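Here it is, written out as structure tokens:
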């Protein structure tokens with residue numbers, strides 16, 4: 080006798096339908112074929128124990144299970160449920176085979192028949208709807224993320240017994256219904272931190288507002304305790320809200336990586352990822368034996384913050400160059416090739432020297448000129464070339480901390496940022512793939528960011544006076560265009576250029592000279 084059930088495999092951010100064929104014949108052996116990995120091969124013992132402990136019996140015959148298509152590597156424990164249901168159907172525990180064919184199901188079984196969560200429930204739900212299945216059965220912990228897919232009945236099961244009852248028409252569980260738009264808008268403006276808590280540091284907060292308004296990458300240079308990390312964590316609170324499409328895409332990435340909480344249906348706020356400086360290349364860019372998204376993909380549509388940038392290994396930092404340029408990460412290995420989105424805003428912080436106190440008004444720096452230059456040299460020119468704004472931070476004195484009033488709320492800053500982004504969306508509406516000033520090409524800069532005569536003269540004098548590097552020229556124009564947008568100015572003027580020049584500290588030839 081042959082029974083078919085239906086599951087799915089996740090490759091990259093996409094799901095591939097898997098047909099589980101269970102066949103019985105005379106004998107007592109068990110065969111599992113179809114390119115399974117070790118976790119799938121071990122499923123036999125889990126499934127047999129779960130069937131027995133749930134009060135069912137399995138066919139006392141030779142069982143052959145094929146996971147088709149056979150040329151796709153099957154990884155993880157999500158095939159436990161469709162295999163177990165197929166075996167139960169062979170023994171007559173499922174009465175309606177036609178109803179069985181209308182469901183896709185995934186889930187890991189414990190020895191007592193309880194279902195455990197799996198990764199990638201959201202892309203599996205998208206594929207189930209695309210293929211026209213009536214419903215999808217997932218562990219109860221995955222039901223909210225899968226239920227955001229409309230026009231598909233999603234059932235969250237706690238045990239294998241509940242799944243059997245459902246397939247037999249005994250309505251022990253009901254489909255979960257999520258109002259996607261309501262869920263999205265209810266959590267869209269929820270932040271645990273606010274720029275209102277930051278006292279002083281007006282220049283730094285202004286730099287972060289400009290960076291948010293134009294989508295510019297940012298690096299902050301300052302001594303320990305000057306507030307670099309604190310302000311970076313507040314950056315998502317002033318970025319434009321996620322659109323529903325961006326939210327679904329972001330949720331899909333976190334679903335595949337297994338980082339979604341069971342009570343979460345949608346990620347409604349922009350992600351903020353801050354990996355430790357000991358992170359490996361694979362953990363940052365993604366990949367591994369079983370491909371998974373890395374930190375740069377988990378930061379998609381949000382912020383990737385690297386604290387103490389020079390402490391990261393050179394090889395890890397160089398991995399960032401391609402995704403910063405292309406906004407996607409392509410991972411090719413001998414056995415697979417996947418692409419993950421990586422459209423993030425890059426924010427970094429660093430000390431100005433090994434001791435941390437170069438340019439600090441209250442502490443004496445003990446580093447030599449050579450030590451400072453070697454320390455700065457840990458960050459390659461090509462990577463620094465992709466950072467538009469370089470902001471130097473000076474710590475506040477006790478007097479400034481004790482007397483400074485509360486800062487401007489994030490909500491007020493965010494309104495200005497949103498207004499500037501709308502100007503840019505209108506400007507680039509005919510240019511595919513370009514949504515903000517940070518993405519402008521040289522041609523577009525010539526068209527939209529050319530300053531007036533006074534601005535050109537200001538830029539010329541700044542380049543000569545500070546001996547700015549050639550790569551600073553384009554960055555200054557991009558940032559100046561954003562400053563003009565924040566002001567609502569159609570043209571880039573002299574004072575826009577002056578402010579943009581002030582954000583190129585590390586390009587000055589005098590940096591690192593003591």
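Numbering (our numbering), first residue to last: 80 to 593.
Backbone N, C-alpha and C define an ideal beta-carbon position, used for all residues, glycine too.
Predicted, not measured: the structure shown is a model, and the values here were computed from it.
* Asked: Under the rule that 16 or more other beta-carbon atoms within 10 Å means buried, what is residue 191, buried or exposed?
  -> exposed
* To do: Can you have a look at residue 25 and say buried or exposed, based on whether 16 or more other CB atoms are within 10 angstroms of its CB?
  => Nothing about residue 25 can be read from this structure; the chain reaches only from 80 to 593.
* Of all the options 213, 184 and 188, which has the alpha carbon lying nearest to the alpha carbon of residue 200? -> 184
* Write down the C-beta distance between residue 421 and residue 398 rounded to the nearest angstrom, noting that I regard them as a contact closer than 8 angstroms. => Going by Cβ atoms, the distance from residue 421 to residue 398 rounds to 10 angstroms, so no, they are not a contact pair.
* Buried or exposed (CB count within 10 angstroms, at least 16 for buried), residue 264 -> exposed
* **Cβ-Cβ separation, residue 97 to residue 88 (assumed contact under 8 angstroms), whole Å** => 5 angstroms
* Asked: Is it the case that the Cβ atoms of residue 249 and residue 235 are separated by a distance below 9 angstroms?
  -> no
* So, do the region 308-319 and the region 433-447 have three or more beta carbon pairs nearer to each other than 8 angstroms? -> no
* Should residue 188 go down as buried or exposed, given a rule of 16 or more other Cβ atoms within 10 Å for buried? -> buried
* Asked: Which whole runs of the alpha helix (DSSP H) in the region 292-349 are 4 residues long or more, in chain order?
  -> 307-312 and 323-336
* Reducing DSSP to helix, strand and coil, say where residue 241 ends up. => helix
* **Nearest-angstrom Cα separation, counted from residue 337 out to residue 453** => 40 angstroms
* Asked: Helix, strand or coil for residue 378 per DSSP?
  -> coil
* Please state if the CB of residue 156 and the CB of residue 195 are separated by a distance shorter than 9 angstroms. => yes
* Excluding sequence positions up to five away, which residues of its chain have a Cβ less than 7 angstroms from the Cβ of residue 241? -> 251 and 252
* Asked: DSSP three-state call for residue 220: helix, strand or coil?
  -> helix
* Asked: Can you name the residues that DSSP bridges to residue 135?
  -> DSSP output for residue 135 lists no bridge partner at all.
* Asked: Between residue 528 and residue 571, which are expected to be in contact by the criterion C-beta below 8 angstroms, what is the C-beta distance as a whole number of angstroms?
  -> 6 angstroms
* Asked: Do residue 268 and residue 320 have their CB atoms nearer than 9 angstroms?
  -> yes
* What's the C-alpha gap between residue 537 and residue 372? -> 45 angstroms
* Leaving out five residues on either side along the sequence, give the residues of the same chain with a beta carbon under 8 angstroms from the beta carbon of residue 127. => 137
* Asked: Do you know how far the Cα of residue 350 is from the Cα of residue 160?
  -> 32 angstroms
* Asked: Is the distance from the Cβ of residue 259 to the Cβ of residue 229 below 9 angstroms?
  -> yes
* Give the DSSP bridge partners of residue 511, in chain order. => According to DSSP, which records beta bridges pairwise, residue 511 is partnered with nothing at all.
* Please determine if the region 408-419 and the region 448-464 are in contact, where contact requires at least 3 C-beta pairs separated by less than 8 angstroms. => no
* **Proximity below 9 angstroms, CB of residue 495 to CB of residue 565** => yes
* To do: Compare the C-alpha of residue 274 against each of 293, 316, 239 and 113 and name the closest.
  => 316
* To do: Can you grab the Cα-Cα spacing for the pair residue 386 / residue 392, in whole Å?
  => 13 angstroms
* Looking at the structure shown, is residue 119 part of a helix, part of a strand, or coil, going by DSSP? -> helix
* Span of the alpha helix (DSSP H) holding residue 251? -> Here residue 251 belongs to no alpha helix (DSSP H), and DSSP marks it neither H nor E.
* Taking Cβ to Cβ, would you say residue 206 is nearer than 9 angstroms to residue 484? -> no
* Proximity to residue 168 [Cα-Cα], best of 233, 81 and 513 -> 81
* Asked: Between residue 293 and residue 557, which are expected to be in contact by the criterion C-beta below 8 angstroms, what is the C-beta distance as a whole number of angstroms?
  -> 7 angstroms
* **Per-residue DSSP class, three states only, for residue 173** => coil
* Is residue 584 helix, strand or coil when you go by DSSP? -> helix
* Going by Cα to Cα distance, which pick from 223, 213, 308 and 158 is closest to residue 429? -> 308
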